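Engineer: One structure is given below, represented as structure tokens, and several questions about it will come after.
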Amino acid sequence: MALERIQKILAKTGIASRREAERMVIEGRVTVNGRVVETLGFKADLSKDHIKVDGKRVKDFEPKIILLLNKPRGYLSTVKDPKGRPTIMDLLENIKWRIYPVGRLDFDAEGLLLLTNDGDLAHLLSHPRFSIPKTYLVKVAGVPEEKKLTRLERGVMLEDGETKAVSCSLLRQREKNSWIRVVVTEGRNRLVKRMFSAIGHTVLKLKRIEYGPIQLGDLSFGQFRYL
705 MALERIQKIL AKTGIASRRE AERMVIEGRV TVNGRVVETL GFKADLSKDH
755 IKVDGKRVKD FEPKIILLLN KPRGYLSTVK DPKGRPTIMD LLENIKWRIY
805 PVGRLDFDAE GLLLLTNDGD LAHLLSHPRF SIPKTYLVKV AGVPEEKKLT
855 RLERGVMLED GETKAVSCSL LRQREKNSWI RVVVTEGRNR LVKRMFSAIG
905 HTVLKLKRIE YGPIQLGDLS FGQFRYL
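Structure follows, in structure tokens:
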């Protein structure tokens, strides 16, 4: 094998995403042939070099795994939780590969969540530069006027900068609440909830149904399938 940057090797082997691998290097947790890697530009050859993370040997490449999970409400989109709260990994107990979520869904959100050990794919799907569309069904308190939904498409200012929806349309309404279909390309924390708060409507329920070309379909809550 050819020489590759150390963070790319760690991502390919499923140790972590590219960004997480960079953090491991910066924290001094990665060694090559017994020496701590001190720069992100360091290159190694997995077939020849003795690479360790936290003292454990990085093994040969695992098969690339991609899962689509229908995340229920009440689970954290993380591998571990120091407070012992339920995580998505509790739903994937029989998966032997070391996988991690692509992006997040809030604890009280549900729907399509991708998990993988492919660091390059995770980077492609989650980095803002690639603007991958994500589609949500959103139940909000009240019924937003059309001009408010148009405002979301034109852009609203949040505490961490301006954002806008690719599209935003009213699906159905009742006396006290309504369902909206919204498409965004960013992955900021609690983005959709904060967008609707900016136009005066509280999000009561949030469900992701599409991530790029991938659709949730009729997968049951807590169930997953391989892609």
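Numbering (the working numbering), first residue to last: 705 to 931.
The beta-carbon is built from N, C-alpha and C at its ideal position, and this holds for glycine as well.
Treat the numbers as computed from the prediction; the structure is a model and nothing was measured.
Mind checking D812: buried by the 16 CB within 10 Å criterion, or exposed?
Structural biologist: Start at 1 with the first residue of the sequence shown, and residue 812 comes out as number 108. D812 is exposed by the Cβ-count criterion.
Engineer: Apply the 10 Å Cβ neighbour rule to T717 and answer buried if 16 or more other Cβ atoms are within range, or exposed otherwise.
Structural biologist: Position 13 of the sequence shown, counting from 1, holds the residue named residue 717. Result: buried.
Engineer: Would you mind reading off the limits of the alpha helix (DSSP H) that contains T854?
Structural biologist: What you label residue 854 is simply residue 150 of the sequence shown in a count that begins at 1. Counting along the chain, the alpha helix (DSSP H) containing T854 begins and ends at E850 to R858.
Engineer: Shortest alpha-carbon distance to E914 belongs to which of D922, V907 and L908?
Structural biologist: If you number the sequence shown from 1, residue 914 lands on position 210. That would be D922, whose Cα lies nearest to the Cα of E914.
Engineer: Over what stretch of residues does the beta strand (DSSP E) that includes Q877 continue unbroken?
Structural biologist: Your numbering for residue 877 matches position 173 in the sequence shown. S871 to Q877 is the extent of the beta strand (DSSP E) around Q877.
Engineer: Among residues of its own chain, excluding the 5 on either side of I803, which ones have a beta-carbon nearer than 8 Å to its beta-carbon?
Structural biologist: Numbered from its first residue, the sequence shown carries residue 803 at position 99. Correct list, in chain order: G718, I769, L771, L796, L819, T820 and N821.
Engineer: Grouping DSSP H, G and I as helix and E and B as strand, with all else coil, what is R898?
Structural biologist: Taking the first residue of the sequence shown as 1, we reach residue 898 at position 194. Helix.
Engineer: Looking at the ligand GTP, does it come within less than 8 Å of K868, judged from the CB to the closest heavy atom?
Structural biologist: No copy of the ligand GTP appears in this structure; indeed no ligand is present at all.
Engineer: Thinking C-alpha only, which one of R892, K897, N893 and E890 is nearest I884?
Structural biologist: Along the sequence shown, read from residue 1 onward, the residue named residue 884 stands at position 180. Nearest C-alpha to I884: K897.
Engineer: Could you tell me the distance, in whole angstroms, from the CA atom of F925 to the CA atom of K752?
Structural biologist: Looking up residue 925 in the sequence shown gives position 221. Looking up residue 752 in the sequence shown gives position 48. Cα to Cα, F925 sits roughly 44 Å from K752.
Engineer: Compare the Cα-Cα distances from L714 to each of Y930, L707 and A725 and report the closest residue.
Structural biologist: Residue numbering aside, residue 714 sits at position 10 when the sequence shown is read from its first letter. Comparing Cα positions, the closest option is A725.
Engineer: In the DSSP output, which residue or residues are listed as bridge partners for E866?
Structural biologist: Within the sequence shown, the letter at position 162 stands for residue 866. DSSP output for E866 lists M861 as bridge partner(s).
Engineer: For V740, count neighbouring Cβ atoms within 10 angstroms of its own Cβ and tell me buried if that reaches 16, exposed if not.
Structural biologist: Residue 740 sits at position 36 when you count from the first residue of the sequence shown. With fewer than 16 Cβ atoms within 10 Å of its Cβ, V740 is classed as exposed.
Engineer: Using beta-carbon positions only, say whether R808 and N893 come within less than 9 Å of one another.
Structural biologist: Translated into positions along the sequence shown, residue 808 becomes position 104. Translated into positions along the sequence shown, residue 893 becomes position 189. With respect to the 9 Å criterion, R808 and N893 are classified as neighbours on the basis of their beta carbons.
Engineer: Can you give me the start and stop residues for the alpha helix (DSSP H) that K724 sits inside?
Structural biologist: Your numbering for residue 724 matches position 20 in the sequence shown. The residue you asked about is not Lys; residue 724 is Glu in the sequence shown. Bounds of the alpha helix (DSSP H) holding E724 are R722 to I730.
Engineer: Measure from the alpha carbon of A869 to the alpha carbon of each residue in R929, S835 and D824, then state which is nearest.
Structural biologist: Taking the sequence shown and counting its residues from 1, the one referred to as residue 869 is at position 165. Closest by C-alpha distance to A869, out of R929, S835 and D824, is S835.
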